[in-house]
Amino acid sequence: VIPAAFDYVRAGSAEEAISLVGQHGEDAKFLAGGHSLLPLMKLRLAQPSVLIDIGRVSDLSYIRDAGDHVAIGALTRHMDVENSDLLKQHVPLLAHAAHHVGDPQVRHRGTIGGSIAHADPASDLPATTLALGATYVAQGPNGTREIAAGDFYEGFLTSSLAADELLTEIRVPKMNGAGWNFQKFNRRAQDWAIVGVAAWRRNGDSGVALVNMGSTPVLATSVSSALARGASIADAAEQAAADADPQADLNASVEYRVHLAKVLTRRALEAASS
Amino acid sequence: MTVIEATGTQERPGVIGQRLLRREDPALLTGEAKFTNDIQVTGALHLAVLRSPYAHARITSVDVSGALAVPGVRAAYSGADLTDQWSGPMPCAWPVTDDMKNPAHYPLATSKACYAGDGVACVLADNATAARDALDAIDVQYEPLEAVIDLEDALSDRVVIHDELGTNTSYTWNLLVEDHEGAVDEAFAAAAHTVSERYIQQRLIPMAMEPRAVLAMPQPFGGEMTLYSATQIPHILKVMVALTLGIPEHQMRVIAPSVGGAFGSKLNVYAEELLCVALARKHGVPVRWNEDRSENAMATIHGRGQVQRIELAADADGKLTAIRVRLIGDMGAYLQLVTPGIPLLGAFLYAGVYDLPKAYDFSCTSVFTTMTPTDAYRGAGRPEATYAIERATDSLAAKMGVDPLEHRRRNFIATDKYPYEAYSGLVYDSGNHDGAATKAAEMLGYDELRARQASQNVEGSTKRLGVGVTSYFEMCGLAPSRVLASLNYSAGGWEAATVRVLPTSKVQVVTGSSPHGQGHETAWSMIVADKMGISPDDVDVLHSDTAIAPLGLDTYGSRSLPVGGVAIAMACDKVIDKAKQIAAHQLEAAADDLEYAGGVFTVRGSPDKTMPLAAIAFEAFTAHNLPDGLEPNLEAQVTYDPPNFSWPFGTHMCAVEVDTETGHVDVLKYVAVDDCGVQVNPLIVDGQVHGGVVQGMAQALWEEAVYDTDGNLKTSTLAEYLVPAASDVPSITTGHTVTPSPTNQLGVKGIGEAGTIGAASTIINAVVDALSGLGVHDVPMPASPQRVWDAINSARINPNGGSQ
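So the protein sequences, as listed, match chains A and B.
Heads up: the first sequence begins at 281 in the working numbering, then just goes up one per residue.
Heads up: the second sequence begins at 226 in the working numbering, then just goes up one per residue.
So, in structure tokens, the structure goes:
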């Protein structure tokens, strides 16, 4: 549990952080809550040469009403997402999903931006924001750009963020009036999901995304298409794994994962429709 | 958690029986307690051990020169560099048969690595970071060999792990008890009902919250060595380190500071303890080592690891007529301190709490594999035996169409048969199995649940209710020394105690037990307070330092109270006897006329003639006016060898709901009725039961050391090895009956392992019960959602398949 040697610098602002990563190059890593990166470093599975600590960039921690969407600063802790009255009112699915991340200690330190930038398909918030059609804001040396959640996840722990870009904001469309549900299936409360499902329905629209059903969070577009065509929930849920490419691990075979995705999608849609 | 008090079962004035808060807890809860790694020593070098990444490989070369170039590194050694340090191989104290095969095992491997995690080289550095970095700079060349991770494959000798042994079989140990030759075979031939079941006891990782830690400090003159270690056996460790390293025993001192849990995993003599002492001696400076979590998963012993075949024969009424047991025990790569004896600790418990005639046929063959060595883990052999008989009992009851509780009642040893001489020749001290079962059934609401089950588990139901029952016996209070001799164990089973009344009448107790979370300081002070009529606050308990408590055999096998605690009570009697002589002398009365109560001697018939213990203690100290020939002290020492094991028992029950779509098991309610005889502190008893039940439940539902076919441990962090947290387990309802043990003056039996022994089969019986309507006969442990789902699917595909 002793990480390899690394240098440490603290950034006072997003601009400074981006400038620092420009100086230090590819082996530099941003440190936010540290709940994904530090365990990897302690096992020496990650050995960045420099950590750029953005934990004290206070102007990246906020949850704001931005008209048609809610804007969440990337450094907002899971606990603040979970307890936000604004989110509970307009995007209750996200507040609810944040409550299922890790355990209370993780939720007090871990950040929504860190979780999304880490791009772990087994994490709850990448898939949830994907289901919600969120937009992520990245800031780089040449300014900011918006990335649709659907274009963000490229592979296992890899995203379309450039090495010198910092994720600064998550924009989540308001979902007032939508039915929603989050299913997290695991063996212990604190664990990553074996399979998870985030789903919402409003009028003819729906969004369904799967946790831990491939190398990236998976948008189950086949399910939404089936629902849009008027399929029953049970029939639509049978399409749950059509867009997924699940892997086997200690907790689940591929076949069992596919089965779970169908069962949990059906349950999520039933709850979101009731 | 809910606690239901036993009512009217332990009526006893005095301190014994009170729910006193543990005096140990404030220091533990505030972080003030000092663990081995908290001890600051200037100038200590840090040890790091390079471990084989291969399960099985020849070591063709080790080059440590790269490590020596890392700043801060003082020395680096291969296994071959240190062979002159060892007077003998690492100890195995339990050669269970005369022809048991035991490969020589040294702290670092020299020619072959036999499991992933086997130490092959080490580094000493000024700090832990430099030591860790230097490991990456050691160049070891390996020639990888095939791993052996399956017990039946190991038995075949397809790949022999220890070339010099020529086989992977370590031993075969038999116990055949028949009242006439052929009795077992005849009973099976004549049986109205039989079952033959195969169960796997998966490997478990003990995962004590404090990993191991070692600090060896050579004293500057005279060759003395002090070893601090996170161990549960400082006394045994002292002897074994002295022998293995050729250090005169009187120059060796071992101290176990606060120890953060062990569960049997610190009942051992480990390579790192020997390395730290050897290198401290060699370099003349303190050497320390602290295990990280993944090292703990790989290099600290594992538990369980058995393939069990159990066959039951019963008559038309379901009464057991014979039992046959065949085990394969997984020793892992080497024999550690008591590795070979663990499966055999269960040999006497495969008939459980049932009245079995002399028709018992047990055989265990144990094999080497290329995995971490196994050894004692909470219950050690007894949970395995209980699991097998209690699962097989349910199978038999199901086959006969009899309610499993009713089936057990037909077979219980009747209360009036106690003390009961079992088929094995062992004498069970006391028991009331129907009493415990009846109480558990009431607390669970057994009959109501059965009714609810009938209406809930209908065709098409996806939430199925199951009820699980286990009635268990635990053999603990290890152990009568003569019985240990008959089992070839290399030590005795006694325990030592000293009770010393100081001049100001405060009392010091010196115990040979070595607590690591049990609460001995609280419990032992209560025994003394109760015996001597004083406050527990006036009693201090000294332990776990061989210079302060030189005599002892330490803490394991639920032995501390029924052996060590009884020794303390006996020492109190001796102190009171001596105090009585002083009081009689001072009061000018006959000793026989004195009564002792509430810390005061009174002359019978002369209530104004009294002398308190405090005054006697001071007289013993000044020695101004003692009876002729009486030594001026008020202290007594007792070394107590128990005449028998103690036999706690009980019934556990639970209700589960199984989601047949996902395979998820929800434990709705868990009831544990444990009878450990007289309870010294019911609060501590409840804590032991809660922890034990959760550990047993964890074997049933979550925990498993998983190896891939190349022998790599896939569960080496707490993300993969699923130790449950409080949020994962249900409220546990505890209840008790109290059937005192007649073999010791306190009437106590021990409670440390009972919860673990009862829980695993209770849970799995309930899961199988829930799914029986779907044709499921067994779900292997841990009953993960995937395994439950698989069991349902295979029952659907193959309705006549079972657990056979």
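Virtual Cβ for every residue (Gly too), placed ideally from N, Cα, C.
If you're wondering where the values come from, they're calculated on a predicted model, not measured in any experiment.
Cβ pair residue i, residue j closer than 8 Å
i	j	result
Y612 (chain B)	Y424 (chain B)	yes
V692 (chain B)	Q678 (chain B)	yes
D343 (chain B)	A558 (chain B)	yes
A547 (chain B)	A639 (chain B)	no
I363 (chain B)	V289 (chain B)	yes
H281 (chain B)	A350 (chain B)	no
G717 (chain B)	L709 (chain B)	yes
T393 (chain A)	G487 (chain A)	Residue identity differs from the one stated: residue 393 (chain A) is Gly in this sequence, not Thr. No, Cβ-Cβ distance for G393 (chain A) and G487 (chain A) is not below 8 Å.
A473 (chain A)	A402 (chain A)	yes
S715 (chain B)	Q743 (chain B)	no
L331 (chain A)	L300 (chain A)	no
H527 (chain B)	R603 (chain B)	no
G830 (chain B)	G983 (chain B)	no
G790 (chain B)	P511 (chain B)	no
G181 (chain B)	S738 (chain B)	In this structure chain B extends from 226 to 1029, so residue 181 (chain B) is not present and cannot be described.
N521 (chain B)	P436 (chain B)	yes
P965 (chain B)	S655 (chain B)	yes
A341 (chain B)	M523 (chain B)	yes
Cα-Cα separation, residue i to residue j
i	j	result
A415 (chain B)	Q970 (chain B)	45 Å
V903 (chain B)	C701 (chain B)	15 Å
G606 (chain B)	G571 (chain B)	4 Å
I1022 (chain B)	K688 (chain B)	20 Å
G459 (chain A)	V896 (chain B)	40 Å
I229 (chain B)	I909 (chain B)	Because the pLDDT of I229 (chain B) is 36, which lies under 50, any placement of that residue in the model is unreliable, and the question is left without a value.
A804 (chain B)	V788 (chain B)	24 Å
T408 (chain A)	T391 (chain A)	14 Å
L500 (chain B)	Q310 (chain B)	9 Å
A326 (chain A)	T968 (chain B)	60 Å
A496 (chain B)	T261 (chain B)	17 Å
I241 (chain B)	H961 (chain B)	16 Å
A355 (chain B)	A273 (chain B)	9 Å
A346 (chain A)	D485 (chain A)	22 Å
T234 (chain B)	V963 (chain B)	Low confidence applies to T234 (chain B): its pLDDT is 47, below 50, so where it sits in the model is not reliable, and the reading given next is rough at best. Cα to Cα, T234 (chain B) sits roughly 6 Å from V963 (chain B).
T397 (chain B)	A522 (chain A)	54 Å
R244 (chain B)	D250 (chain B)	14 Å
T847 (chain B)	T835 (chain B)	19 Å
R357 (chain A)	H388 (chain A)	6 Å
M359 (chain A)	D404 (chain A)	14 Å
E368 (chain B)	H387 (chain B)	15 Å
V348 (chain B)	S303 (chain B)	9 Å
Proximity to residue i [Cα-Cα], best of the options
i	options	result
G577 (chain B)	B:L270, B:I614 and B:E536	B:I614
T501 (chain A)	A:E550, A:L490 and A:I298	A:L490
V464 (chain B)	B:V479, B:A350 and B:A842	B:V479
A748 (chain B)	B:Y714, B:V973, B:L462 and B:T887	B:V973
T736 (chain B)	B:H418, B:L690, B:P644 and B:P459	B:P459
Y671 (chain B)	B:V402, B:V764 and B:K894	B:K894
R467 (chain A)	B:D994, B:D953, B:V439 and B:A995	B:D953
I430 (chain B)	B:S519, B:V766 and B:F870	B:S519
Y585 (chain B)	B:T451, B:D404, B:P565 and B:Q533	B:D404
A422 (chain B)	B:Q1011, B:A1020, B:P1005 and B:D1015	One point to set straight first is that residue 422 (chain B) is Glu, not Ala, in the sequence displayed. Looking at the Cα atoms, B:P1005 is the closest of the given residues.
L712 (chain B)	B:P565, B:G921, B:H745 and B:D263	B:P565
Tell me the start and end of each unbroken beta strand (DSSP E) in the region 609–669 of chain B that is at least 3 residues and wholly inside, in chain order.
none
Runs of beta strand (DSSP E) wholly within the region 291–373 of chain B (minimum 3 residues, chain order): 298–303, 344–350 and 364–369
(request) Mind listing, in chain order, the continuous beta strand (DSSP E) runs of no fewer than 3 residues lying wholly within the region 283–334 of chain A? (result) 287–290, 308–311 and 330–333
Notebook entry, point to check: If you scan the region 710–784 of chain B from start to end, which runs of the alpha helix (DSSP H) of 4 or more residues do you find wholly inside it?
Noted result: 745–757
So, does the region 537–550 of chain B touch the region 616–625 of chain B, judging by three or more C-beta pairs under 8 Å? yes
| said: Restricting to runs no shorter than 4 residues, where is the alpha helix (DSSP H) found entirely within the region 340–427 of chain A? | reply: 358–363, 365–370, 372–379, 384–389, 392–398 and 404–411
inquiry  = List, from N- to C-terminal side, the alpha helix (DSSP H) runs of 4 residues or more that fit wholly inside the region 465–545 of chain A.
reply    = 501–508 and 513–517
3 or more residues per run - each beta strand (DSSP E) lying fully within the region 879–955 of chain B:
890–900
Q. Which ranges would you report for the alpha helix (DSSP H) in the region 407–493 of chain B if only whole runs of at least 4 residues count?
A. 408–415 and 459–470
Requested in this report: Please confirm if the region 433–452 of chain B is in contact with the region 475–489 of chain B, defined as three or more CB-CB distances below 8 Å between the two stretches.
Outcome: yes
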